[in-house]
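First the structure, in the form of C-alpha cells, and then the observations on it.
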Amino acid sequence: MMGQKSYLAMRTRQEAADLISSDIKELVFAAKKLANHTIKLGSLGFGTSFFEWIASFAAIYLLILDRTNWKTNILTSLLIPYIFLSLPSLLFSTFRGDIGKWIAFIAVVLRLFFPRHFPDWLELPGALILLIVVAPSLFSSTIRNSWVGVVICLAIACYLLQEHIRASGGFRNSFTKAHGISNTVGIILLLVYPAWALVIDVL
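Going by our numbering, 182 is the number at position 123 of the sequence shown; the sequence numbering is gapless.
Below, the structure is given as C-alpha cells:
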C-alpha cells in the first residue's frame, strides 16, 4: 500500500513537472512569435514612413520644376493635394502650427497689398501652406491618416503618370525628352508610397 502511494506521488510530481515544462515551452514559443511579428511590423512601418518621405520630397521636387514639358497647370496643381495627404506628420504638424500660420499670413499680405513682390512661382507653395493651416480636422486628421487619403494619392500619381507619358508622346519619349527622365522618375516615386501603404493596410 505504501509503495502504491509512493508511486502515485512520484507520478503526480512527474506530470506536474511535465505540465510546467510544456507551459514554459509554449511561453518561449509565444515570445519568439511576438518578437518576430514586432520586428516585421516595425520594418513595415519604417518602410511606409521612408516611402512617405521620399514621395513627399519627390512631389515637392516636381512642384519646384516649373520649366517642364507639361502642357497644363492642372497637372502641377494636383501635386498640392498629394503633398497635403502624404506629407510626413512631423512636417505637417510643424506647418500646421504657428510657423505655417506666419508663412500663410505673410503670403496673403504680400499677395493682396504687394502683388508685384509676390512671384508667380510662390502661388502654389503658398496655397499648400494655406491649405495645411486652414484644413478642417476631417481632412487634416481623418482622411490624411486613413486609406482614403492613400487611395487619393494613388489616383493622383496614376493620373499624373499617364498624362505625362501622353504629353511626352509615349513611354519611351518620357525618358528621352528634356526633363523627361527627372519628371518620369519623380512621378514613379509618387506611386511607390500609396502602393506600399495600401499593401501594408491589406496585410
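All C-beta atoms, glycine included, are put in the ideal place defined by N, C-alpha and C.
Pairwise C-alpha distance: residue j and residue i
i, j, result
"W206", "V258", "11 Å"
"I215", "L250", "9 Å"
"Y252", "Y218", "15 Å"
"R231", "T107", "30 Å"
"L147", "K160", "Note that residue 147 is Pro in the sequence shown, not Leu. Cα-Cα distance, rounded: 18 Å."
"I247", "C212", "12 Å"
"I240", "L149", "30 Å"
"Y141", "T243", "16 Å"
"G245", "F116", "9 Å"
"T173", "W180", "For the sequence presented, residue 173 should be read as Phe rather than Thr. For F173 and W180, the distance between alpha carbons rounds to 15 Å."
"L183", "I165", "14 Å"
"S199", "G229", "37 Å"
"S196", "R175", "34 Å"
"W112", "L171", "33 Å"
"S227", "S136", "19 Å"
"Y120", "L220", "15 Å"
"V167", "T201", "27 Å"
Top-ranked residue by Cα proximity to residue i, from the options
i, options, result
"V261", "L144, L171 and V209", "V209"
"F154", "H176, G229 and A186", "A186"
"L194", "H223, L181 and A163", "Before going on, a small fix: residue 194 reads as Ala here, not Leu. Minimum Cα distance to A194 is reached at A163."
"G156", "S227, I188 and Y120", "I188"
"I158", "V192, S136 and R175", "V192"
Integer-rounded CB distance, given that residue j should sit under 8 Å from residue i
i, j, result
"R203", "L144", "6 Å"
"L138", "A118", "5 Å"
"F110", "W255", "5 Å"
"F177", "L190", "Not really, about 17 Å apart at Cβ, beyond 8 Å."
"L134", "E222", "6 Å"
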